[in-house]
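Numbering (the numbering used here), first residue to last: 9 to 223.
Below: the structure, in structure tokens.
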């Protein structure tokens, strides 16, 4: 199959309702039985064919009644309102799991496991993500308000650093883990407080994740 040549490089912050040691990353069942959360990315460099994606933001809100692999979920994509029509179309296709090898990234999996795909929204983004510091501050007016911080020791209050290394991952190869809190409104509403926060570099193409040794 001929696919559009595309590439995204940037950073991502995600927050779900699991505890800090999200079992889903280890092929186990979600902490609370269901899975819900959101993820936001800042594209530092990117293109979709001849369409530049540099400097844009996009996010996804998602929810499943059980584990992701059990299906029956719902999702909604939010795209930076500054994007042109070609840029909007490109990001919408990428985040709906199109133009990528089968199961090549987390967007493909999320789309395959969702029965309901709510209308894509276009909004302004205020978004600050620092992967190494494990901090994030996100505002998508009327849709998402979220923040991320380091996990802190309950004894000393000192920052507690944890990473997940996933050499064959389809979303990231390495992620810093912290504490996330978020409130979403609209079609998929939720409130999460001090739950699993994930901070990672994002490198994806039509062939799936771009691994460190391929750069």
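C-beta: ideal position from N, C-alpha, C; glycine also.
Residue from the options whose Cα sits closest to the Cα of residue i
i, options, result
"residue 181", "219, 97 and 144", "219"
"residue 85", "46, 190 and 52", "46"
"residue 149", "130, 166 and 157", "130"
"residue 160", "61, 203 and 42", "203"
"residue 24", "164, 95, 88 and 68", "68"
"residue 155", "175, 107, 48 and 126", "48"
"residue 133", "27, 63, 209 and 40", "63"
"residue 70", "31, 89 and 115", "115"
Per-residue DSSP class, three states only, for residue i
i, result
"residue 139", "coil"
"residue 163", "coil"
"residue 32", "helix"
"residue 242", "This structure cannot settle anything about residue 242, because the visible part of the chain is limited to 9 through 223."
"residue 114", "helix"
"residue 207", "strand"
"residue 195", "coil"
"residue 23", "strand"
"residue 146", "strand"
"residue 17", "strand"
"residue 132", "coil"
"residue 87", "strand"
Continuous alpha helix (DSSP H) stretch holding residue i: start and end
i, result
"residue 103", "93 to 103"
Those residues which DSSP pairs with residue i across a bridge
i, result
"residue 74", "Residue 74 is not bridged to any residue."
"residue 120", "Note: residue 120 sits in no beta bridge, so no partner."
"residue 218", "Residue 218 pairs with nothing; no bridge assigned."
"residue 171", "184"
"residue 82", "71 and 124"
"residue 60", "55"
"residue 109", "Looking at the DSSP assignment, residue 109 forms no beta bridge with any residue, so it has no partner."
"residue 39", "DSSP, once it has assigned bridges, lists no residue as partnering residue 39."
Boundaries (first-last residue) of the beta strand (DSSP E) holding residue i
i, result
"residue 47", "43 to 56"
"residue 152", "152 to 157"
Problem set entry | contact_flag[the stretch 181 to 190, the stretch 143 to 163] where n(CB pairs < 8 angstroms) is 3 or more | yes
Requested in this report: Decide if the stretch 12 to 27 is in contact with the stretch 45 to 61; the criterion is three or more beta carbon pairs, one per stretch, under 8 angstroms apart.
Outcome: yes
Between the stretch 196 to 210 and the stretch 100 to 116, can you find at least three pairs of beta-carbon atoms closer than 8 angstroms? no
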